[in-house]
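Residue numbers (this note's numbering), protein chains in the order written: chain A, 4 to 437; chain B, 581 to 889.
For every residue, glycine included, the Cβ atom is placed at its ideal position computed from N, Cα and C.
As the structure is a computational prediction, the values presented were derived from the model and not from experiment.
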Amino acid sequence: MDERISLSRRKLLHALTGTGVIAAADLAWWDAPFIAPRKAWGAEPVRFQWSVPEPTRIALMNSLVERFNQSQKDFAVQIEYVPQAQARQKLISAITGGSPPDLCQVWDNWVGQFNGMGAVEDITARAKSWKHYADVAPTAWQTVTINNQIISLPLAVTLDGIYYRTDRLKELGLKEPTPDWTWDEFLVVAKAFTRADKNQYGYGMRGSGSWALLYPSEFAYANGAEVLKDGKVAINSKEAIDAFAWYLDLALRHKVTPPSAATDGFVEIVEAFGRGVTSMYQHNSGSSGQQKKNVGVDKFATLPLPIGPANKRASFWFSETLTMFKGAKNKEGAWQFMTFMLDEEPSLKYNTALGLLPARKSILDRPEFSRDPALAGFVQSFPIGIVSPYLAYPGWGGKIDSDGVPLIQQAMLGKISARECLDRFADILKKEMM
Amino acid sequence: MTMLTLAKPRTRPLIGWRVRKLLIGYSYLVPAALCMLATVVVPIMLAIKMSLYADILYKPQDYRFIGLGNYVRLVEDPVFWLTLRNSVVWVFGSVSLQFVFGFAGALLLQQAFTGRALVRTLTLLPWIIPGVVVGLIWEWLYQPNYGVINDILIRVGLMQERVAWLSSPDLAMAAVVFTNVWRGIPFFVIMLLAGLQAVPDELYEAAHVDGAGVFARFWHITLPLLRPIIVVATATRIIWTFNYADLIFVMTGGGPANATQITSTYTLLQAYSSLDFGYAGALSVVLLLVMLAFTWLYLRTTKGLEDTE
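Below, the structure written as structure tokens:
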């Protein structure tokens, strides 16, 4: 028998083990088998509502929850997946019906409304005695603090920046913009990118959803405006009106935005960039992962928002939070899971997988975030990050959607001026301060 | 000796047999009535009660009875009147075109031709697909930058520039109505086809012998005999469309600038964005009144039809 072609049982086992190792190494972290001691029977359930159920997030959350459940024997987290579009309605119905989940994942602009309903648990004492309290960025704590009470844990933070196509800049022979770029430079690049006859536009302006108003508001801060000044609504100040007019001119005068801008929401602006229709858009780090797949890692980068005429700029902070309800039946279990999610490994995996930024400074300093060009613009935006001024009153979030968005859409279509848009919007905000 | 037995008079039952029969009949209805009470009447009453209160969920301290305050606000709200106007365009634009094309489709499918069974099945497709999916499909078809509609129209030379169908206030309503027409045609096709198949062929043959042309046969035989179905189908479709918010919610969210905001989507916006359940309750009650008006008209018309049969 020829020794060279014989396959002993030992060789076969070695080959199989090797193949398994290679296959496992190729799997995403959350898809890999997790081997740990079995959990004890009788663990108390923790009801956890989770929105944004797209495949990566589902696999990731299932894995994280499994790891938590296996890591201790007292609590068993049960995830209730809810489509994002219905998550808020479901929570409102559950709160008014007296049966909220123990814990939920929500954005901080919802938490204010839930807190106004008296539904959210004050976790100040727990948070301040938590071992990582000092490691969480102070601005992240501000996003989840209302009336000096901490009401959520910031799982991830977002800041807005500008995505732009580096490959198209090279094609056009344009100079690469630097992080301290200005409005004028932004406009020059946007114009250069625009070739309407080829269905290419410089800037993917957003006209749908709350951020349709938040993005120009960020530009207004760069012109020295504020939403709330000395406790009074100041969004219709001269500085704000000028900034909004400049922003609206991107669509109305310079025509560097796609014709669909007035109704383009998150999906549309991200898709348009991914398909090459637009070459710049404003968003947080959450779409960086998708653009790596759509455009390619080496074909785009991010920058902080440009500096305005007032030699200022601001990027609004938002937090994706873990929030416990007053009506929770298992508060201790909910708290244990909340803190587990902000531990080193879960936080790192969660944020890197989804292109988000961790709230803990020690994790944010890791090379996975600080050296990724797709995230550079957001990491550089930390010094200019401010808590969104629209979180100041619980009613403002809803009014942006119901009244503010139709107003900015009218302004984007040239039906009303920037002044009229902001005067009417300021009146709406004032009424909600009472 | 003969024993005589006197007949005892029968004791008169407490409830007469007529009443008893009536009660037994009604008792069969009790379970259904209770279900209706719990799932329809009580929620309507609660919605009416809600509309009389200042009920903003994140301001529980301001919860109080305000009588007709929400209705006064509604009368003064220009967006409400805009949504009502939009609703009329949405409902009558959709239903009238669905009816016209549905009738044409039914007449076509009544004819004998090869592959008729297949075509009849395919006609049902738009009706089978869930409304949200229809909205998503058409949103992508209308997409100005990479949608198929713009691409085809430019390629065949009917357009020079891309049109933002759903982002233009002048076109958005027409675009969503067109989608709703596409979706609703099968409903009319099915209903009217069923009606056409019930019309006796002898009537057409007799009319043909008497020299009646195609139009005369349609006008004097088809239309009168289909009238009950036309009335029922149109009335129910009007009521459904008035309440139907899925398509608009998915395709435009009521935008741009409220150009496609109808009363039902505006109610959702007030309830789940502003959390203003009191005002949303008032809007719901107005919607209910409009629906009741249609239902009354519908019942009146169908009663007339029953009487003539």
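Check, Outcome
"Check whether chain A comes within 8 Å of proline 658 of chain B, counting only Cβ atoms and requiring the distance to be less than that.", "no"
"Excluding the 5 residues flanking proline 392 of chain A on each side, which residues of the same chain have their C-beta closer than 8 Å to its C-beta?", "Ser220, Glu229, Val230, Leu231 and Phe319"
"Cβ closer than 7 Å: which chain B residues qualify as neighbours of leucine 217 of chain A?", "Those within 7 Å of leucine 217 of chain A in chain B number zero; the least Cβ separation is about 15 Å."
"Using 8 Å as the limit for Cβ to Cβ distance, is lysine 883 of chain B near chain A?", "no"
"Spell out whether any CB of chain B is found under 8 Å from the CB atom of leucine 94 of chain A.", "no"
"With respect to the alpha helix (DSSP H) encompassing histidine 788 of chain B, which residues constitute its N-terminal and C-terminal limits?", "781-789"
"How would you write the range of the alpha helix (DSSP H) that arginine 825 of chain B sits in, first residue to last?", "Inspection of the sequence shows that residue 825 of chain B is occupied by alanine rather than by arginine. No alpha helix (DSSP H) holds alanine 825 of chain B; DSSP gives it neither H nor E."
"Is the Cβ of arginine 742 of chain B closer than 8 Å to any Cβ of chain A?", "yes"
"Buried or exposed for tryptophan 720 of chain B, please, with buried defined as at least 16 other CB atoms from any protein chain shown within 10 angstroms of its CB.", "exposed"
"Within 10 angstroms of its Cβ, does phenylalanine 444 of chain A collect 16 or more other Cβ (buried), or is it exposed?", "The structure shown does not extend to residue 444 of chain A, since chain A is modelled only from 4 through 437, so no value can be given for it."
"List the residues of chain A that alanine 837 of chain B touches, going by C-beta distances under 7 Å, in chain order.", "Pro409, Gln412, Gln413, Leu416 and Lys418"
"Helix, strand or coil for methionine 208 of chain A, going by three-state DSSP, please let me know.", "coil"
"Apply the 10 Å Cβ neighbour rule to valine 769 of chain B and answer buried if 16 or more other Cβ atoms are within range, or exposed otherwise.", "buried"
"Say whether chain A places a C-beta atom closer than 8 Å to the C-beta of tyrosine 852 of chain B.", "yes"
"Quick check on this structure: which residue in B:Gly715, B:Arg880 and B:Val779 has the alpha carbon closest to the alpha carbon of valine 761 of chain B?", "B:Gly715"
"Using the rule of at least 16 other Cβ atoms within 10 Å of the residue's Cβ for burial, across every protein chain shown, is leucine 869 of chain B buried or exposed?", "exposed"
"Would you tell me roughly how many angstroms separate the C-alpha atoms of valine 669 of chain B and serine 350 of chain A, rounded to the nearest one?", "51 Å"
"For the alpha helix (DSSP H) that contains arginine 897 of chain B, what are its first and last residues?", "The structure shown has nothing for residue 897 of chain B, since chain B only spans 581 to 889."
"Taking a Cβ distance cut-off of 8 Å, strictly less, list which residues of the region 697-719 of chain B are near chain A, in chain order.", "none"
"Threonine 266 of chain A touches chain B at which residues, Cβ-Cβ below 7 Å?", "Leu746, Ser747, Thr832, Gly835 and Pro836"
"Closest Cβ-Cβ distance between leucine 872 of chain B and chain A: below 8 Å?", "no"
"Under 8 Å, Cβ to Cβ, is there at least one residue of chain B near threonine 127 of chain A?", "no"
"Alpha carbon to alpha carbon, how far is serine 54 of chain A from valine 68 of chain A?", "15 Å"
"For threonine 185 of chain A and threonine 281 of chain A, I'd like the C-alpha separation in whole angstroms.", "20 Å"
"What residue does the alpha helix (DSSP H) around glutamate 83 of chain A start on, and which one ends it?", "Note, glutamate 83 of chain A: premise wrong, no alpha helix (DSSP H); beta strand (DSSP E) at 78-84."
"Does the distance from the C-beta atom of glycine 336 of chain A to that of aspartate 105 of chain A stay below 8 Å?", "yes"
"Would you tell me roughly how many angstroms separate the C-alpha atoms of alanine 46 of chain A and asparagine 72 of chain A, rounded to the nearest one?", "9 Å"
"Where does tryptophan 745 of chain B fall in DSSP's three states?", "coil"
"Does the CB of isoleucine 431 of chain A have a neighbour CB from chain B at under 8 Å?", "no"
"Quick one: which residues of the region 118-145 of chain A get their C-beta closer than 7 Å to a C-beta of chain B? List them in chain order.", "Gly119, Met120 and Gly121"
"Can you list, in chain order, the residues of its chain whose CB lies under 6 Å from that of threonine 881 of chain B, leaving out five sequence neighbours each side?", "Val811"
"What number of angstroms, rounded off, separates the C-alpha of alanine 199 of chain A from the C-alpha of lysine 302 of chain A?", "21 Å"
"Since leucine 394 of chain A and aspartate 111 of chain A should fall inside the 8 Å C-beta cutoff, what is the C-beta to C-beta distance between them, to a whole number of angstroms?", "6 Å"
"Kindly indicate if chain C contains any beta-carbon less than 8 Å away from that of valine 280 of chain A.", "Absent from the structure: chain C. Protein chains present are A and B."
"Do the CB positions of tyrosine 890 of chain B and arginine 278 of chain A come within less than 8 Å of each other?", "Nothing can be reported for residue 890 of chain B: it is not among the residues displayed for chain B, which extend from 581 to 889."
"Out of curiosity, what's the CA-to-CA distance linking valine 123 of chain A and threonine 146 of chain A?", "15 Å"
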